[in-house]
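Per my numbering, the sequence shown runs over residues 11 to 112. As structure tokens, the structure follows; a few thoughts come after it.
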Amino acid sequence: MKQIKDLLQADRTVYEPARLAILAILSTVEIADFKFLQTSLELTQGNLSAHIAKLEAAGFIDVEKAFVGKRPSTRLRITREGEKAFDDHTTMMKRLLKLLEV
């Protein structure tokens, strides 16, 4: 089925479950802090940092690092490119499910 093969040309940056979840959360809020994402997704600090780095490198999220008092703070927001990638992925999944309906 060529249509299914075409649909499976998903952006692997978005396709990974943790990164998809990060984009899903960021698509619903204006900004989220690192600790909120870490707690919500139950990821280790290192694992979440690695996923954030990949999403940032792809231009899908903006990362803002600052200090609040003497504590470091990392805040994230989805970019327009990230919103498009997330929307494209969810549209592709909906089309795939529609094709598989019996």
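The beta-carbon is built from N, C-alpha and C at its ideal position, and this holds for glycine as well.
The closest CA to that of H61, considering only L106, A28 and R85, is found on A28. Straight-line spacing of the CA atoms in F77 and K15 works out to 47 Å.
DSSP places F77 inside the beta strand (DSSP E), whose first and last residues are I71 to V78. E40 is the residue among A31, E40 and Q19 whose C-alpha sits nearest the C-alpha of R85. Counting C-beta pairs closer than 8 Å gives fewer than three between the region 67 to 74 and the region 46 to 55, which falls short of the contact rule. Unbroken beta strand (DSSP E) runs of no fewer than 3 residues, entirely contained in the region 24 to 99, are found at 71 to 78 and 81 to 88, following chain order.
Nearest C-alpha to L51 among E93, R105 and L33: L33.
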